[in-house]
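**Q**
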Amino acid sequence: MRTVGRPLLCALTALALIATTLAAPIGAPAQSRLRVLATLPDLWAITRAIVGNLGEVQVATRPGQNPHDLEIRPSQFVLVRRAEILVRNGLDEDAWIDPIIESSGNPRLLRGAPSVVEAARGLTVLKIRTGPIDRSMGDVHPSGNPHFTLDPGTLPVVTANIVAGLARLHPDLAEQLDANRRAFLDEVAAATRRWSDALAPHRGAPLVSYHDSWPYFYQAFGLEELGVIEDRPGVPPSPQHLVALIRQMRARRAKVVLVESWYPSDTATAVARAAGARVLVLPQSPGAVKGTDTYIAHLDFLVTSLARALME
Amino acid sequence: MRTHECRPLALLVVLSISILTGPAHAQDAGALRRELEALRRQFATVTESYEKRLRALGDRLQQLEGRAAPAVPSPVPSAPPPTTPMTATATATATAPAADAPTLADLARPRQPFALAQPGRVLLFDIGVSGDFVTDFTSPTRERRHDGTFAGRENRLFPREVELEFFGRVDPYASAVVRISAGEEPTRGASSSRELSVRLDEANATLLTLPLGTTARFGLMRPRFGTLNTVHQDDLPQVDRPNVLARFFGEEELDGERGIEAFWILPFSTYHELSVGVFDGDNETAFGRGSLRDPLLIGRWRTFFELQELGGLQLDVSAATGSTADDHRNTVIGVGAKYKWIGAGSGFPVLTLAAEGLGGFRGVDTDSGGAAHVERWGAYAYAQYDVNRRWAAGLRGDWTELPVERGREWALSPYVQFKPSEFLRFRLQYKHTEGRGAVERSAEELFLQGSFILGAHPTERF
Chain X
-15 MRTVGRPLLC
-5 ALTALALIAT
5 TLAAPIGAPA
15 QSRLRVLATL
25 PDLWAITRAI
35 VGNLGEVQVA
45 TRPGQNPHDL
55 EIRPSQFVLV
65 RRAEILVRNG
75 LDEDAWIDPI
85 IESSGNPRLL
95 RGAPSVVEAA
105 RGLTVLKIRT
115 GPIDRSMGDV
125 HPSGNPHFTL
135 DPGTLPVVTA
145 NIVAGLARLH
155 PDLAEQLDAN
165 RRAFLDEVAA
175 ATRRWSDALA
185 PHRGAPLVSY
195 HDSWPYFYQA
205 FGLEELGVIE
215 DRPGVPPSPQ
225 HLVALIRQMR
235 ARRAKVVLVE
245 SWYPSDTATA
255 VARAAGARVL
265 VLPQSPGAVK
275 GTDTYIAHLD
285 FLVTSLARAL
295 ME
Chain S
357 MRTHECRPLA
367 LLVVLSISIL
377 TGPAHAQDAG
387 ALRRELEALR
397 RQFATVTESY
407 EKRLRALGDR
417 LQQLEGRAAP
427 AVPSPVPSAP
437 PPTTPMTATA
447 TATATAPAAD
457 APTLADLARP
467 RQPFALAQPG
477 RVLLFDIGVS
487 GDFVTDFTSP
497 TRERRHDGTF
507 AGRENRLFPR
517 EVELEFFGRV
527 DPYASAVVRI
537 SAGEEPTRGA
547 SSSRELSVRL
557 DEANATLLTL
567 PLGTTARFGL
577 MRPRFGTLNT
587 VHQDDLPQVD
597 RPNVLARFFG
607 EEELDGERGI
617 EAFWILPFST
627 YHELSVGVFD
637 GDNETAFGRG
647 SLRDPLLIGR
657 WRTFFELQEL
667 GGLQLDVSAA
677 TGSTADDHRN
687 TVIGVGAKYK
697 WIGAGSGFPV
707 LTLAAEGLGG
717 FRGVDTDSGG
727 AAHVERWGAY
737 AYAQYDVNRR
747 WAAGLRGDWT
757 ELPVERGREW
767 ALSPYVQFKP
777 SEFLRFRLQY
787 KHTEGRGAVE
797 RSAEELFLQG
807 SFILGAHPTE
817 RF
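Protein sequences, first through last, are from chains X and S.
Taking this note's numbering, the leading residue of the first sequence gets -15, the next gets one more, and so forth.
Taking this note's numbering, the leading residue of the second sequence gets 357, the next gets one more, and so forth.
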């Protein structure tokens, strides 16, 4: 056993030294009363606006990271372990959080618990699939399109869900949270008028995107979805589909192809070139571009970039 | 009874008519008498008709009260017409039990065991199926000696593992997973076998709401040991499991252990996971005693450092100690490291560097009938570069000693991977192996692998 113990002890000691050097004990900031974890950057930005200085809001994914095929990282277990409230999308865009929660030793965040906020509850969800659904359609979202925060009109419902969830655990903060929410919604309303004005000259403009990320955005600003390059989510498009799409784009004189920054732009570039349009790479989440880590700054960036592209 | 009650009514009517027709006596008594007689006949007819109807109703009431159970019409499946004529009595006898007991046709009719995605119905757990098919092209010598990487299955396309997995929440306090797999068993040193064997790989429940941040699972499971041992066959980074794992734990792997395991995410700012498990010890190669009286104990400490744009680094240290089938103490320790860098934007390219080393310390029988202590080591390292979502290439190097016999081997395996989608994957891998001692050989092998996933599957991990 002496022979066994020596290498084991050496290995354990080495790992312990590295770990204790790099690790610091969790010290929840004394003034932080709320410890919130948002699964996605858009929910993080919105929740942060509501929480303000009443607590800390963490996010489980990096800005600009594709949430559709996310790989679980051990650091996410630590975030889940520390959080007391979870804000999740509610339409399975962040279903990867469930196995993390189940292995994190924090049962308060298990789906259905009072500490879990489903942001989409009560929203009118777009593109809910009907009829049989199978993988020949790609990696579809059976519950409907989950990119609802791109429509500022959904925020009254989304923020109401978040405030209700936070206040459920901290009733003493309900009034402050609601005041923060109202102030945030006022800012968003003012910004929405600005965004609508910027895109008003392009109302009805036909747009094509790589992934089906924009139906709420189109709806909010009166734009038309002409088509989606990736007609089956997660599966590269077939040449036949691309040919039909290019023909349609030419007929309707579509000017812009939107590409989410986490998707490769080569196919979109080829389609745009063939159809006489241009590619516009846009971040899908706040924080992916420097200076856009608030909801309003993010939408500002999207609207300004698109208006400029449609103008050219 | 009701018949008698009607007679006074008839007399009353006759009397009333008599009173009403009284003034007619003065005019023509004869005519009135005839008229009265006609009326009497009419009333007699009405009375008789009433009595008949009342009697019929009484009989029907008695029949209904006399039955034990109401005759509820039951949907009888359309059966083929009888081949022999049946009498009226026989038909009545045969059809009467149909209301209470299933007929032959009922029993013969195929039934749906459960409903999948029917409108308004939800299946309360996930089902996934994965298929993993491998071909090992090698020389006729390797095929004859059955000493290829996939012993006994050289130069054939074989189902390494077809897996049916059920997983989901049991209740608010627990989740569970059941995995059943079928595949061709290895037949090292024996004639090749093409028989498929089905086995229960995993069946365990995880308790999620224990105090002190404890998560525990019990049942049949793949224990938390090392870096790659916890990875299922179809999720391995290369076609075959690294030599050191295959030698130290056999092709059955350190899998399907029965016992209890608890783990904790420690309360630090960085990730530290500590797990401890107590098992029967059913691995024939390393821990074959198979009894809780001398259990297999496994512990692992895993940590992870988030290096942001520089990637992530995972380190783990594991130890397992138990009794071998010939009742000697065997301790295996493992140290693993995995680094991954992911490109910004689209998440590609991805660079993965990983290495894992195992040390085995076990007692063995000597030729002289005594016992000796052997110390063996082995390791592997690989690098993989994912060019984009579809294409990846890598190289793995193996070096290991045999856990009991004298001998060692090294191998080099370049490979390329193509994934048309998240659910379909193909691999081509070349492997050159040089063995000395008990595994003296020089082997060239070419693996082809095709894997698919049907339905639900767990999210990929770092």
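Even for Gly, the Cβ is constructed at its ideal location relative to N, Cα and C.
1. So the alpha helix (DSSP H) X:Ala173 belongs to, where does it begin and stop?
2. Quick check: is the beta carbon of X:Phe61 nearer than 7 Å to any beta carbon in chain S?
3. State the beta-bridge partners of S:Asp672 as determined by DSSP.
4. Consult DSSP for X:Asn145 and reduce its assignment to one of helix, strand or coil.
5. Go to S:Ile621, then tell me how far its alpha helix (DSSP H) extends in each direction, as first and last residue.
6. Would you kindly work out how many angstroms separate the C-alpha atoms of S:Gly644 and S:Phe619, rounded to a whole number?
7. Just checking: is the beta-carbon of S:Trp755 within a distance shorter than 7 Å of some beta-carbon in chain X?
8. By Cβ distance, which residues of its chain are closer than 8 Å to S:Gly811, with the 5 residues on each side in sequence left out?
9. Touch check for the segment 91 to 107 of chain X and the segment 67 to 80 of chain X: three-plus C-beta pairs under 8 Å?
10. For S:Ala794, count the other beta carbons within 10 Å of its own beta carbon; 16 or more makes it buried, fewer makes it exposed. Which is it?
11. Would you grab the beta carbon distance between S:Phe635 and S:Gly734 for me? Rounded to a whole angstrom, and I think it's under 8 Å.
12. Going by DSSP in three states, X:Leu150 sits in which element: helix, strand or coil?
13. Less than 8 Å between the CB atoms is what I'm expecting for S:Phe818 and X:Arg57, so what's the real figure, rounded?
14. For a test of the three-state rule: what should DSSP assign to S:Asp503, helix, strand or coil?
15. With 7 Å set as the bound, which would you pick, yes or no: does the beta-carbon of S:Pro429 sit closer than that to a beta-carbon of chain X?
16. Mind checking whether X:Val109 and X:Ile117 have CB atoms under 7 Å apart?
17. Residues bridged to S:Ser531 by DSSP?
18. Quick one: list the residues of chain S neighbouring X:Arg113, beta-carbon separation under 7 Å, in chain order.
19. Is it right to say S:Gly725 is buried, meaning 16 or more other beta carbons lie within 10 angstroms of its own, or is it exposed?
20. Shorter than 7 Å from the beta carbon of X:Pro83 to some beta carbon of chain S?
21. Can you name the start and end residues of the alpha helix (DSSP H) that X:His225 belongs to?
22. Using beta carbons (cut-off 7 Å, strictly below), is X:Ser16 in contact with chain S?
23. Counting only C-beta atoms, is X:Val240 closer than 7 Å to chain S at any point?
24. If you draw a straight line from the alpha carbon of S:Gly719 to that of S:Leu758, how long is it in whole angstroms?
25. Determine the contact status of X:Ser127 and X:Leu54, defining contact as a CB-CB distance below 7 Å.
26. Can you give me the start and stop residues for the alpha helix (DSSP H) that X:Gln60 sits inside?
27. Where X:Ser222 and S:Arg781 are concerned, what is the direct C-alpha to C-alpha distance, given to the nearest angstrom?
28. Assuming S:Glu609 and S:Asp638 form a contact by the criterion Cβ under 8 Å, report the distance between their Cβ atoms to the nearest whole angstrom.
29. Nearest to S:Val760 by alpha carbon, out of S:His684, S:Tyr738, S:Leu568, S:Gly487?
30. Quick check: S:Ile809 and S:Phe779, are their CB atoms within less than 7 Å of each other?
31. Compute the Euclidean distance between the alpha carbons of X:Gly304 and S:Leu768, then round it to the nearest angstrom.
32. List the endpoints of the continuous beta strand (DSSP E) containing S:Ser807.
33. Rounded to whole angstroms, what's the CA-CA distance from X:Val35 to X:Trp80? Just pull it up for me.
34. By Cβ distance, which residues of its chain are closer than 6 Å to X:Val141, with the 5 residues on each side in sequence left out?
35. Alpha carbons only, please: which of X:Val64, X:Gly218, X:Val287, X:Leu207 is nearest the one belonging to X:Val265?
36. So, helix, strand or coil for X:Ile69, using DSSP?
**A** So, to answer that:
1. 158 to 183
2. yes
3. S:Arg658, S:Gly692
4. helix
5. Per DSSP, S:Ile621 belongs to no alpha helix (DSSP H); it is in the beta strand (DSSP E), 613 to 621.
6. 24 Å
7. no
8. Asp482, Ile483, Gly484, Val485
9. yes
10. exposed
11. That belief does not hold up - the Cβ atoms of S:Phe635 and S:Gly734 are roughly 22 Å apart, past 8 Å.
12. helix
13. 5 Å
14. coil
15. Note that S:Pro429 scores 35 on pLDDT, short of 50, meaning its location in the model is unreliable; the coordinates nonetheless yield the value given after this. Chain X contact via Cβ: absent.
16. no
17. S:Arg525, S:Thr562
18. Residues of chain S passing the Cβ test: none, with the nearest at roughly 11 Å.
19. exposed
20. yes
21. 223 to 236
22. Because X:Ser16 carries a pLDDT of 49, less than 50, the predicted location of this residue cannot be relied on, and no value is offered for it.
23. no
24. 14 Å
25. no
26. 58 to 66
27. 18 Å
28. Going by Cβ atoms, the distance from S:Glu609 to S:Asp638 rounds to 11 Å, so no, they are not a contact pair.
29. S:His684
30. yes
31. Chain X is shown from -15 up to 296; residue 304 of chain X falls before or after that span and cannot be answered.
32. 797 to 811
33. 25 Å
34. Gly106, Leu107
35. X:Val287
36. strand
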